[in-house]
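Engineer: According to our numbering, the sequence shown is numbered sequentially starting from 17. Glycine is no exception: its CB is placed at the ideal position from the N, C-alpha and C atoms.
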Amino acid sequence: MLDNDFITGVITGFQTMSMWEVVAVILALAYLLLAMKEKISCWYAAFASTSIYVFLFWDVNLLMESALQIYYLAMAVYGWWQWREHSNQQQDLTIHRWTRQTHLKVLAVLVCLTLFSGYWLQLKTSAALPYLDSFTTWGAVITTYMVTRKVLENWLYWIVIDGASIYLYIDRGMSLTALLFALYVVIVVFGFFQWNTLYKQQSLAEK
17 MLDNDFITGV ITGFQTMSMW EVVAVILALA YLLLAMKEKI SCWYAAFAST SIYVFLFWDV
77 NLLMESALQI YYLAMAVYGW WQWREHSNQQ QDLTIHRWTR QTHLKVLAVL VCLTLFSGYW
137 LQLKTSAALP YLDSFTTWGA VITTYMVTRK VLENWLYWIV IDGASIYLYI DRGMSLTALL
197 FALYVVIVVF GFFQWNTLYK QQSLAEK
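(1) Among TRP174, LEU168, ILE111, SER82, which residue has its Cα nearest to the Cα of SER67?
(2) Just the Cα atoms here: how many angstroms apart are GLN217 and PHE73?
(3) Leaving out the 5 sequence neighbours to the left and right, which residues in its chain are closer than 8 Å to GLU101 when beta-carbon positions are compared?
(4) Give me, in chain order, the residues of the same chain whose beta-carbon lies closer than 8 Å to that of PHE63; leave out the 5 immediate sequence neighbours on both sides.
(5) Whose C-alpha, out of ILE42, LEU49, VAL41, VAL39, is nearest the C-alpha of PHE206?
(6) Closest to ALA156 by CA distance: which of THR130, GLN138, LEU139 is it?
(7) Taking all protein chains shown into account, do 16 or more other C-beta atoms lie within 10 angstroms of the C-beta of TYR200, making it buried, or fewer, making it exposed?
(8) For the alpha helix (DSSP H) containing GLU54, name the first residue and the last one.
(9) Can you tell me whether TRP174 is buried or exposed? The criterion is at least 16 other CB atoms within 10 Å of its CB, across all chains shown.
(10) Tell me the rounded alpha-carbon separation between GLN85 and LEU220.
(11) Just checking my contact of SER181 with THR152 at CB under 8 Å: how many whole Å lie between their CB atoms?
(12) Who are the Cβ neighbours of PRO146 in its own chain at under 6 Å, not counting the five residues just before and after it?
(13) Which whole-angstrom value is the C-beta distance of LYS55 and ILE111, which I expect to be below 8 Å?
(14) Measure the alpha-carbon distance for LEU43 versus LEU214 and round it to whole angstroms.
(15) Hey, out of ILE186, GLU169, LYS140, whose CA is closest to LEU123's CA?
(16) If contacts are defined as beta-carbon pairs under 8 Å, then ILE186 and ALA194 qualify, I think. What distance do you get, rounded to the angstrom?
(17) Along the chain, where does the alpha helix (DSSP H) containing LYS166 start, and where does it finish?
(18) If distances are taken between C-alpha atoms only, which option among ASP75, ALA46, MET35, GLN98 comes closest to MET162?
(19) Excluding sequence positions up to five away, which residues of its chain have a Cβ less than 7 Å from the Cβ of GLN106?
(20) What whole-angstrom Cβ distance do TRP148 and VAL41 have, given they're in contact under 8 Å?
Shown next, in the form of structure tokens:
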């Protein structure tokens with residue numbers, strides 16, 4: 017059974033949500049659902065949602081989260097441009113997979129960045145769970161880029177990152193956000209299967 021404090025936190029979270037937060041959440045979910053369908057409009061939803069979150073996070077003094085949203089804004093523009101400019105002619109922007117060697121390099125970079133920034137946060141700030149916070153932040157940076165390049169495995173990365181984020185937000189007492197990220201995990205699982213089916217169809221068409 018769910019812990020009573022968690023349920024109470026979720027109910028309280030819903031009651032205290034601002035209209036802007038509701039809009040941001042709806043747009044964030046729209047982004048994921050549209051990305052599953054390879055709809056370029058997903059980047060409009062991403063840009064709008066992220067724009068709202070910049071101010072929401074800043075308002076509650078989550079400065080690093082607010083700064084991360086600036087990166088998301090840039091990636092929304094980049095993703096839109098990539099999908100628009102190369103929708104017909106560039107094969108590298110069909111859904112594709114990275115090699116095992118590429119994934120190993122990416123994971124090595126992620127580990128190094130996590131250890132470096134986690135150590136710095138632990139040493140210089142009072143950040144809670146600095147290493148986990150660093151992992152989810154840098155993981156989101158890398159995986160967002162993968163989405164802009166239509167790398168199939170981005171959905172698998174998101175499962176891990178969003179799953180880790182659930183624990184992070186529960187630890188910080190952000191029950192409502194933890195519930196939202198639990199929903200993200202479900203959506204990205206469906207996203208992987210959706211893109212995997214499209215990837216197989218593309219592979220057959222190229223033979």
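Structural biologist: Per the coordinate set shown:
(1) Taking the first residue of the sequence shown as position 1, residue 67 is located at position 51. In this structure, SER82 is the residue among TRP174, LEU168, ILE111, SER82 with its C-alpha nearest to the C-alpha of SER67.
(2) As a first step, residue 217 must be located in the sequence shown, where it is residue number 201. As a first step, residue 73 must be located in the sequence shown, where it is residue number 57. Pairing GLN217 with PHE73, the inter-Cα distance amounts to about 41 Å.
(3) Locating residue 101 in the sequence shown gives position 85, where the first residue counts as 1. None.
(4) The residue given as residue 63 occupies position 47 in the sequence shown. Answer for PHE63: LEU89, ALA92, VAL93, TRP96, listed in chain order.
(5) Stepping through the sequence shown from its first residue, residue 206 is reached at position 190. Checking every option, the nearest Cα to that of PHE206 belongs to LEU49.
(6) On the sequence shown, residue 156 is found 140 positions in, with the first residue counted as 1. Residue nearest to ALA156 within the set THR130, GLN138, LEU139 is THR130 (criterion: CA-CA distance).
(7) As a working note, residue 200 is residue 184 in the sequence shown. So TYR200 counts as buried.
(8) The residue labelled residue 54 in the question sits at position 38 within the sequence shown. Neither: GLU54 is in no alpha helix (DSSP H) and is coded neither H nor E.
(9) Mapped onto the sequence shown, residue 174 falls at position 158. By the neighbour-count definition (other C-beta atoms within 10 Å, threshold 16), TRP174 is a buried residue.
(10) Your numbering for residue 85 matches position 69 in the sequence shown. Your numbering for residue 220 matches position 204 in the sequence shown. For GLN85 and LEU220, the gap between their C-alpha atoms comes out near 38 Å.
(11) Position 165 of the sequence shown, counting from 1, holds the residue named residue 181. Position 136 of the sequence shown, counting from 1, holds the residue named residue 152. Confirmed, Cβ separation roughly 5 Å.
(12) In the sequence shown, the residue the question calls residue 146 occupies position 130. Its chain contains GLY134, LEU137, GLN138 as the residues whose beta carbon lies nearer than 6 Å to that of PRO146, once the 5 sequence neighbours on both sides are disregarded; these appear in chain order.
(13) The residue labelled residue 55 in the question sits at position 39 within the sequence shown. The residue labelled residue 111 in the question sits at position 95 within the sequence shown. Rounded, the Cβ-Cβ distance is 13 Å, inconsistent with contact.
(14) For this step, residue 43 is matched to residue 27 along the sequence shown. For this step, residue 214 is matched to residue 198 along the sequence shown. In this structure, the CA atom of LEU43 is about 24 Å from the CA atom of LEU214.
(15) For the purposes of this step, residue 123 is taken as residue 107 along the sequence shown, with counting starting at 1. Residue nearest to LEU123 within the set ILE186, GLU169, LYS140 is GLU169 (criterion: CA-CA distance).
(16) Residue numbering aside, residue 186 sits at position 170 when the sequence shown is read from its first letter. Residue numbering aside, residue 194 sits at position 178 when the sequence shown is read from its first letter. Between ILE186 and ALA194, the beta carbon gap of about 5 Å places them in contact (Cβ cut-off 8 Å).
(17) Start at 1 with the first residue of the sequence shown, and residue 166 comes out as number 150. Membership of LYS166 in any alpha helix (DSSP H) is not indicated, and neither H nor E is assigned to it by DSSP.
(18) For the purposes of this step, residue 162 is identified with residue 146 of the sequence shown, where counting begins at 1. Ranking ASP75, ALA46, MET35, GLN98 by Cα distance to MET162 puts GLN98 first.
(19) Taking the first residue of the sequence shown as 1, we reach residue 106 at position 90. Caution applies to GLN106, whose pLDDT of 48 falls short of 50 and renders its modelled position unreliable; the value that the coordinates give is listed next. Hits under 7 Å: none found.
(20) The sequence position of residue 148 within the sequence shown is 132, counting from 1. The sequence position of residue 41 within the sequence shown is 25, counting from 1. It is worth fixing the name first, because residue 148 is Leu in this sequence and not Trp. Not quite, the Cβ-Cβ distance comes to about 22 Å (not below 8 Å), so this is no contact.
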